[in-house]
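Everything below concerns the one structure shown next.
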Amino acid sequence: MTAQKKGGSNPNALDRRAVVRALLEERGDLLVVTGLGSSSYDAMAAGDHPRTFFLWGAMGGAAMVGMGLALAQPKSHVAVITGDGEQLMGLGSFATIGAQKIKNLTIVVLDNAHYGETGMQSSHTGLGVDLNGVATACGFAWSTRVTDMAGVTALRARLHNPAGPGFASVQIAAQEAPRVLPPRDGVFLKTRFRQSLGLAPI
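If you count by this note's numbering, then the sequence shown holds residues 416 to 617, one letter each, in order.
Following this line, the structure appears as structure tokens:
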């Protein structure tokens with residue numbers, strides 16, 4: 416694993432929309448939870464899907480929502496796609512996920528080393544915080560740092576055979592893509608997701 420360059424943005428980093436589109440290509444029955452803000456816009460830009468649960472709030476909670484879903488649906492593969500800022504607010508979730516040894520869960524962090532939702536201030540990953548190292552120390556079965564589209568393709572395959580818990584940080588450019596907004600009605604999103612799993616609305 417290569418140490419992340421401290422400070423600033425990586426000019427060779429990946430386009431976030433291309434990354435998420437590739438990860439969700441031919442997704443089949445994959446269950447997806449997206450974090451607050453840009454990662455939800457990225458997933459929506461790749462195409463709305465009833466098995467994507469878009470989080471409109473609860474910053475820092477995406478990994479725990481994914482963990483709960485993976486525990487409730489042990490025969491399904493669950494991917495959380497979120498940003499570095501959102502995940503930094505939920506670092507404690509790594510310890511619980513690692514301790515629970517949730518084999519059907521993968522956490523994917525789109526890391527641009529910035530807090531995109533609050534003005535593109537530098538995030539802690541740009542100041543040396545190593546999320547891959549945190550995941551490994553917390554007992555994740557595997558951790559990888561993705562820096563090219565070949566790595567994204569390999570990661571997509573792992574989402575469908577996670578042998579997790581797994582963690583991937585994908586190095587993306589610090590860019591603000593046009594917002595593609597998912598549905599904003601929380602009840603609608605919950606009901607649609609449950610129905611896609613064959614569960615009755617509540």
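All C-beta atoms in this analysis are idealised placements derived from N, C-alpha and C, irrespective of residue type, glycine included.
From a predicted model like this one, the values you see are computed outputs, not experimental measurements.
| field | Simplified DSSP state of aspartate 600, which is helix, strand or coil | value | Translated into positions along the sequence shown, residue 600 becomes position 185. Coil, per DSSP.
| Integer Cβ distance of alanine 556 from glycine 541, believed to fall under 8 Å | On the sequence shown, residue 556 is found 141 positions in, with the first residue counted as 1. On the sequence shown, residue 541 is found 126 positions in, with the first residue counted as 1. Contact between alanine 556 and glycine 541 does not hold, since their C-beta atoms are separated by about 27 Å, which reaches or exceeds 8 Å.
| request: Give me the Cα-Cα distance between leucine 602 and glutamine 502, rounded to the nearest whole angstrom. | output: As a working mapping, residue 602 is identified with position 187 in the sequence shown. As a working mapping, residue 502 is identified with position 87 in the sequence shown. One detail in the question is off: residue 602 reads as valine in this sequence, not leucine. Rounded to whole angstroms, valine 602 to glutamine 502 spans 24 Å at the Cα level.
| Going along the chain, which residues of its own chain have a beta-carbon closer than 8 Å to the beta-carbon of aspartate 444, five neighbours each way excluded? | Translated into the one-based positions of the sequence shown, residue 444 becomes position 29. If the five residues before and after aspartate 444 are omitted, its C-beta is found closer than 8 Å to the C-beta atoms of Arg466, Ser491 and His492, all from its own chain and listed in chain order.
| field | Beta-carbon separation (whole angstroms), leucine 470 vs alanine 458, contact threshold 8 Å | value | The residue given as residue 470 occupies position 55 in the sequence shown. The residue given as residue 458 occupies position 43 in the sequence shown. Wrong, their Cβ atoms sit about 11 Å apart, outside the cutoff.
| Which one of Arg594, Glu441 and Gly513 has the shortest CA to CA distance from glycine 548? | Here the question's residue 548 lines up with position 133 in the sequence shown. Taking each of Arg594, Glu441 and Gly513 in turn and checking the Cα distance to glycine 548, the smallest one comes out for Gly513.
| Assigned exposure category for threonine 497 - 16 Cβ within 10 Å defines buried | As a working mapping, residue 497 is identified with position 82 in the sequence shown. That one is buried.
| said: Taking the beta carbon of glycine 394 as the centre, do at least 16 other beta carbons fall within 10 Å, making it buried, or is it exposed? | reply: What is shown of the chain runs 416 to 617, which leaves residue 394 out entirely.
| field | Distance CB(glutamine 586)-CB(valine 561) smaller than 8 Å | value | The count along the sequence shown starts at 1 and reaches residue 586 at position 171. The count along the sequence shown starts at 1 and reaches residue 561 at position 146. One thing to note: glutamine 586 has its Cβ within 8 Å of the Cβ of valine 561.
| field | Cβ shell of isoleucine 522 (< 6 Å), same chain only, five flanking positions each side left out | value | Along the sequence shown, one-based indexing puts residue 522 at 107. Result list for isoleucine 522: Ala478, Val495 and Phe582, in chain order.
| Start and end residues, beta strand (DSSP E) containing threonine 568 | Translated into the one-based positions of the sequence shown, residue 568 becomes position 153. Counting along the chain, threonine 568 falls outside any beta strand (DSSP E), though it belongs to the alpha helix (DSSP H) covering 564 to 574.
| field | Completely contained alpha helix (DSSP H) runs for the segment 429 to 463, where each covers 4 or more residues | value | Taking only runs of at least 4 residues, the alpha helix (DSSP H) segments lying wholly in the segment 429 to 463 are 431 to 438 and 453 to 460.
| query | Looking at C-alpha atoms only, which residue of Asn527, Cys553, Gly554 and Ser558 is the closest neighbour of glycine 543? | reply | Position 128 of the sequence shown, counted from the first residue, corresponds to residue 543. Closest by C-alpha distance to glycine 543, out of Asn527, Cys553, Gly554 and Ser558, is Asn527.
| Cutoff 7 Å; reference glycine 475; Cβ partners in own chain excluding five residues on either side | Taking the sequence shown and counting its residues from 1, the one referred to as residue 475 is at position 60. Excluding residues within five positions, the ones whose Cβ falls inside 7 Å are Glu501, Met504 and Gly505.
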